[in-house]
Amino acid sequence: MVEKDDRGDIVHLHGRDVIRIEFSAAPAGAAPRARRLHGTVQDRSGRTFTGFVDPRALNRGGDALLESDMLDDFENEDHRSIRLDRIRSLERTPTGVAATLVSGEVLDLFDEASGPFHPRPFRISDPALGSVSVEWRAFQSIRFHEPARPAGYDAFDGGHLLHGTVVTRDGEELAGRVRWNAHEEWSWESLNGTSEDVDFAIEFTNIRRIERTGEDGVRVTVLDGRTFELTGSSDVGRDNKGIFVFPSRGGEAEADGGPRWRYITWDDFREAHFSHGATERPGS
Numbered sequence: 010m011v012e013k014d015d016r017g018d019i020v021h022l023h024g025r026d027v028i029r030i031e032f033s034a035a036p037a038g039a040a041p042r043a044r045r046l047h048g049t050v051q052d053r054s055g056r057t058f059t060g061f062v063d064p065r066a067l068n069r070g071g072d073a074l075l076e077s078d079m080l081d082d083f084e085n086e087d088h089r090s091i092r093l094d095r096i097r098s099l100e101r102t103p104t105g106v107a108a109t110l111v112s113g114e115v116l117d118l119f120d121e122a123s124g125p126f127h128p129r130p131f132r133i134s135d136p137a138l139g140s141v142s143v144e145w146r147a148f149q150s151i152r153f154h155e156p157a158r159p160a161g162y163d164a165f166d167g168g169h170l171l172h173g174t175v176v177t178r179d180g181e182e183l184a185g186r187v188r189w190n191a192h193e194e195w196s197w198e199s200l201n202g203t204s205e206d207v208d209f210a211i212e213f214t215n216i217r218r219i220e221r222t223g224e225d226g227v228r229v230t231v232l233d234g235r236t237f238e239l240t241g242s243s244d245v246g247r248d249n250k251g252i253f254v255f256p257s258r259g260g261e262a263e264a265d266g267g268p269r270w271r272y273i274t275w276d277d278f279r280e281a282h283f284s285h286g287a288t289e290r291p292g293s
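The opening residue of the sequence shown carries number 10 in our numbering; numbering runs sequentially from there.
In structure tokens form, the structure reads like this:
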């Protein structure tokens, strides 16, 4: 671990020397030396994901996370590198990738026909969704732009326990605190799944509804209205360990000295609706 002390000197610490790490907002007036790349990725199906992006998939020569990083132009005879803040967009073409610069110039960066080309997935941190990983075969374009509303340190509220209503296959509705797949019960945890060569980790704080679509698959609706058909993980298929519902405290729920709970197997699950704005915090 590396940190700076009050004088700005770099101090190296071993993990065994660390007892606790306390995070805090950056001091007033502090600014990064270079900004993270931000933009909108579109996949081959026309779906878009907006947030901080990681296009290192295209950079054979190194990193590509900051606007000051360089993207290698392998189609140029001089193998020149281009600062990412000079690039307006990157778009998949029949033979590779084309870059449109801020100046309007268009450059062909790669040619798949000229040799092996096996880029890594494009990763996007979409605050209205979660984390998305777009495989190369699903990638269509990236358009770089400023965030509409920059997120500060205080944007994260600490999370809350999941609450909502679970509906069984027979139509019974069970309301209360929800534990998904027998272990996910906090708003900052993620529902994992795959759709058309895109891997999703959707934060529960963004999920409005989960509907079962088959033995191995669900339809997820997020708060901004987007829907995704997901398969390929224990969160959304037959390996799901079931859903627990803990009724709200009070009334008959505590008549026997503690809240009752219900367990719904994956076979008995039909859909779940999540409510947001719960007041319970970590440790409660």
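The C-beta atom is built at its ideal place from N, Cα and C for all residues, glycine as well.
So residue 8 is in the beta strand (DSSP E); what residue range does that whole segment cover?
Here the chain covers residues 10 to 293 and nothing more, so residue 8 does not appear.
Inter-stretch contact (C-beta, 8 angstroms, three-pair minimum) for the region 265-284 and the region 245-254
yes
Using a Cβ-Cβ cut-off of 6 angstroms (strictly less than) and excluding sequence neighbours within five positions of residue 178, which residues of its own chain qualify?
277 and 279
Looking at the unbroken beta strand (DSSP E) that takes in residue 104, where does it start and where does it end?
Neither: residue 104 is in no beta strand (DSSP E) and is coded neither H nor E.
Hey, how far is the Cα of residue 145 from the Cα of residue 257?
45 angstroms
Could you work out which residue in 97, 180, 210 and 95 is closest to residue 135 when comparing CA atoms only?
210
Contact criterion: CB-CB distance below 8 angstroms. Does residue 171 meet it with respect to chain C?
No chain C appears in the structure shown, which is made up of a single protein chain.
Member of 285, 181 and 151 whose CA lies at the smallest distance from the CA of residue 63
151
Do residue 231 and residue 220 have their beta-carbon atoms positioned less than 8 angstroms apart in this structure?
no
Does DSSP put residue 146 in a helix, a strand or coil?
helix
In angstroms, rounded to a whole number, what distance separates the CA positions of residue 52 and residue 118?
19 angstroms
With distances taken from CA atoms, which of 204, 157, 181 and 32 is nearest residue 55?
204
Find the nearest neighbour of residue 92 within the set 191, 106, 101 and 75, judged by alpha-carbon distance.
75
Extent of the continuous beta strand (DSSP E) to which residue 285 belongs
That residue, residue 285, is in no beta strand (DSSP E); it is neither H nor E in DSSP.
Closer than 8 angstroms by C-beta to residue 236: which residues in its own chain qualify, once you throw out the five before and the five after it? Chain order, please.
228, 229 and 230
Can you give me the start and stop residues for the beta strand (DSSP E) that residue 216 sits inside?
216-223
For residue 96, which of 159, 164, 57 and 48 has the nearest alpha-carbon?
48
Per the DSSP calculation, residue 172 is bridged to which residue(s)?
186 and 284
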